[in-house]
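K.L.:
In this note's numbering, the protein residues as written are 720 to 1443.
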């Protein structure tokens, strides 16, 4: 019993191993093309019947048929197990185009020995293998396509290898002809043409893009200048991106880290870890593809929210929720035109075909133009790790040129023998009762239908050629010429026309790529200028606040060179200019005051060398020609010398007693003289005009002072005599 349980356990584990990807395989880049349960990711062509049972994909051989991948690949290793129960034709088709004869647009790898010229393991028209595979037994196929080189192994033994440049990339297909019976399982693929998009040591080739503020105008910084100073306010919010131990770490969003290179069709593989502190909450992030350079959160969003939506795209939820927080998982994204396919840990989880009108905004249109790859940190709680970022760009043309191969009898895998598609002549021959030797000549029976078919074919070729010549769209021209070549592979004009149309398409793509790169460069230059502007503005504002006007002026001059007409710069420059003018006025005032002081001192010094003393000289009266010095602060003048405590400094003789006893006085204030009448009886006169009593009146050199009409004195100046 125990042995039976063990046997069942082993059998179950072996069965579970089919059509699965181990964690180690996923980390190496392997993906499942067949999930063991459905034809998800494949498209059936032809009437052939494909079935899935017990984790095996089988073809029953009722009619010819092809099962083709929806994703395209360039350089890869393909592994699969196959088992055939009959000899009729079956094959794996590699790097084929979406339409046209597969064995002409790609490579036909045979899986049976029905054709001795190209037995199992052979690549038709490239190399012949030994073949001799046993029926009803599982065999392992491994095909490696790297650039122009193709090598094949069956059951780990080398079957053959060769080089050919016909097809650089394309689809993979499983093909069977009528009567063949073949089974497949464990169909896996590993892209090997990818190159590192992240060098593991720094952020070379990447740039940080911030979220544009919700209200970038918002009154501006300068409205706040007089209230609360916030340097840098209004800049886009950027997340923090660092590199350590080969891992890009992102946090404190919103923000994104985007590639400086642009891609349209590609296969991208990336290891992602979302760090969460709460088991009940699963932080969000995304990988953005075909994103507008320098713009936040544009492009197609490959959603990441573990246990909720990892692998989602454009509202399409994944078939299976894979990936866990706080551990790395591998995501593979294949983008081709309007088609996208996603694998998580190697398992196919989502597929999306964008059927909307074409444009440049993936949120509302189908975008096929190239764009940046971006890693999103959507909010302030973001805590993300990214590593092993690898990408392989796909060429625009998939498969080889349909007319590049010399026409030959097509293998039965795709084109059945004439007996399958055209009735033999006997079907329309006369009844058997007529002896064969007298039947209508064979050429009459066979050639007429063929001639009608040939005429119809030529008419169709002529019609398509006319359409191709009249149309100007290279893509439509290429399609029409391709159709012509499918009808007439040897049509030289169609072959040349197809090649010319493809060249025009490639030139247009190259021009578009050049424009995108130029836009990216301009966007980068603009971002650098914006950063320099913001730094200069911030430094200028800070310098102005602390009163460093010279630094403020120099930094604002830098900002003005970047944005000459920016109103914020102009406003702040006016504030700084006003502050400079006010400072200069203070300087000039201080300088003026100092100059006046120095000038006064100089005058005093000069005056000290030639100072003159005032005096009064009697010009009328008994004391005529007598002089009295005015060398005191107050000089009293009157008719008597003294009365009690009061006395006069100048006593004038007056027989008529008209002069009052204390008549007037002269006050000296520095170099100025003032005359004051002491309420005399007969008045005091200055230049013959009586002055009011008690009010000082200015005396100048040469002034005439009259006392009571009997005596007159004149004010004079004389040089001060040196004391000797």
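Yeah, the Cβ is synthetic: ideal placement off N, Cα and C, and Gly gets one too. Bear in mind that the values here come from a model prediction, so they are computed numbers and not experimental data.
Is the separation between the beta-carbon of residue 922 and that of residue 1005 shorter than 7 Å?
P.N.:
Not a contact, by the Cβ cut-off of 7 Å.
K.L.:
Of all the options 771, 926, 1429, which has the alpha carbon lying nearest to the alpha carbon of residue 1378?
P.N.:
Here the closest residue by C-alpha is 1429.
K.L.:
What residues match up with residue 1023 in a beta bridge as DSSP calls it?
P.N.:
1004, per the DSSP bridge assignment.
K.L.:
Please state the DSSP three-state secondary structure of residue 815.
P.N.:
Reduced to three states, the DSSP call for residue 815 is strand.
K.L.:
I want to know whether the stretch 856-863 touches the stretch 773-792 - three or more CB-CB distances under 8 Å.
P.N.:
No, the stretch 856-863 is not in contact with the stretch 773-792.
K.L.:
Which residue or residues does DSSP assign as beta-bridge partners of residue 1072?
P.N.:
Answer by DSSP bridge pairing, in chain order: 1058.
K.L.:
Nearest to residue 1292 by alpha carbon, out of 1235, 913, 1278, 755?
P.N.:
Of the candidates 1235, 913, 1278, 755, the one whose C-alpha sits nearest the C-alpha of residue 1292 is 1278.
K.L.:
Could you give the DSSP three-state label for residue 1127: helix, strand or coil?
P.N.:
Any reading at residue 1127 needs caution, since the residue's pLDDT is 34, under 50, leaving its predicted position unreliable; the model's value is listed next. Of the three classes helix, strand and coil, the one that applies to residue 1127 here is coil, per DSSP.
K.L.:
Could you check if residue 1248 is buried or exposed, using at least 16 other CB atoms within 10 Å of its CB as the buried criterion?
P.N.:
Under this definition residue 1248 is an exposed residue.
K.L.:
Near residue 1041, which residues of its chain fall below 8 Å by C-beta distance, leaving aside the five closest residues on each side in sequence?
P.N.:
If we look at residue 1041 and ignore the five residues flanking it on each side, its Cβ neighbours are 1029, 1030, 1048, 1063, 1064, 1066, 1068.
K.L.:
What does the alpha-carbon distance come out to for the pair residue 1035 and residue 747?
P.N.:
Between residue 1035 and residue 747, the C-alpha separation is close to 27 Å.
K.L.:
Helix, strand or coil for residue 1102, going by three-state DSSP, please let me know.
P.N.:
Of the three classes helix, strand and coil, the one that applies to residue 1102 here is strand, per DSSP.
K.L.:
If you run the structure through DSSP and keep just helix, strand and coil, what is residue 792?
P.N.:
Looking at residue 792 - three-state DSSP - the assignment turns out to be strand.
K.L.:
For residue 1402, which of helix, strand or coil comes out of DSSP?
P.N.:
Coil.
K.L.:
Helix, strand or coil: which one does DSSP assign to residue 1268?
P.N.:
The answer is helix: DSSP assigns residue 1268 an H, G or I state.
K.L.:
Mapping DSSP to helix, strand and coil, what is residue 1239?
P.N.:
In the structure shown, residue 1239 sits in a helix (DSSP, three-state: H, G or I).
K.L.:
From the DSSP output, in three-state form, read off residue 1167 for me.
P.N.:
Reliability fails at residue 1167, whose pLDDT of 41 lies under 50, so the model's placement of it is uncertain and no value is given.
K.L.:
Do residue 1358 and residue 1344 have their C-beta atoms within less than 7 Å of each other?
P.N.:
No, they are not a contact pair.
K.L.:
Are there 16 or more other CB atoms within 10 angstroms of the CB of residue 1318, so buried, or fewer, so exposed?
P.N.:
When all chains shown are included, residue 1318 counts as exposed.
K.L.:
Measure the alpha-carbon distance for residue 751 versus residue 739 and round it to whole angstroms.
P.N.:
Rounded to the nearest angstrom, the two C-alpha atoms are 7 Å apart.
K.L.:
Give a yes or no on contact between the stretch 1194-1202 and the stretch 1210-1226, applying the rule of three or more CB pairs nearer than 8 Å.
P.N.:
Result yes; three or more Cβ-Cβ pairs closer than 8 Å.
K.L.:
Under 6 Å Cβ to Cβ from residue 961, same chain only, skipping five residues before and after it: list those, please.
P.N.:
Contacts found: 968.
K.L.:
So, under 8 Å CB-CB, residue 848 and residue 871 are touching, yes? Tell me the CB distance rounded to an integer number of Å.
P.N.:
That pair is a contact at about 7 Å.
K.L.:
How many angstroms separate the CA atom of residue 1375 from the CA atom of residue 1330?
P.N.:
If I take the Cα positions, the gap works out to 39 Å.
K.L.:
Output the distance between the C-alpha atoms of residue 1462 and residue 1290, rounded to the nearest integer angstrom.
P.N.:
Nothing can be reported for residue 1462, as the shown portion of the chain is limited to 720 through 1443.
K.L.:
Counting pairs of Cβ atoms below 8 Å between the stretch 1350-1369 and the stretch 1378-1397, do you hit three or more?
P.N.:
As far as the Cβ criterion goes, the stretch 1350-1369 touches the stretch 1378-1397, which means the pair count is three or higher.
K.L.:
If you check the beta carbons only, do residue 828 and residue 839 fall under 7 Å apart?
P.N.:
No, they are not a contact pair.
K.L.:
Per DSSP, which one or two residues make a beta bridge with residue 968?
P.N.:
Bridge partners of residue 968: 961, 1104.
K.L.:
Roughly how many angstroms separate the alpha carbons of residue 1447 and residue 1106, rounded to a whole number?
P.N.:
The displayed coordinates of the chain run from 720 to 1443. Any statement about residue 1447 would go beyond what the structure contains.
K.L.:
Quick one: give me the first and last residue of the alpha helix (DSSP H) that residue 822 is part of.
P.N.:
Where residue 822 is concerned, the enclosing alpha helix (DSSP H) stretches over 821-824.
K.L.:
Per the DSSP calculation, residue 1336 is bridged to which residue(s)?
P.N.:
Bridge partners of residue 1336: 1346, 1433.
K.L.:
Beta carbon of residue 753, beta carbon of residue 776: below 7 Å?
P.N.:
A contact, by the Cβ cut-off of 7 Å.
K.L.:
Leaving out five residues before and five after residue 1384 in sequence, what residues of the same chain have Cβ atoms less than 7 Å from its Cβ?
P.N.:
So the qualifying residues of the chain are 1353, 1354, 1355, 1356, 1395, 1397.
K.L.:
If we ignore side chains and look at the alpha-carbon of each, how far apart do residue 1110 and residue 806 end up?
P.N.:
So the two alpha carbons sit approximately 40 Å from each other.
K.L.:
Just to confirm, are residue 1263 and residue 1282 a CB contact at a threshold of 7 Å?
P.N.:
Not closer than 7 Å, so no.
K.L.:
Leaving out the 5 sequence neighbours to the left and right, which residues in its chain are closer than 8 Å to residue 865 when beta-carbon positions are compared?
P.N.:
The residues are 794, 911, 912.
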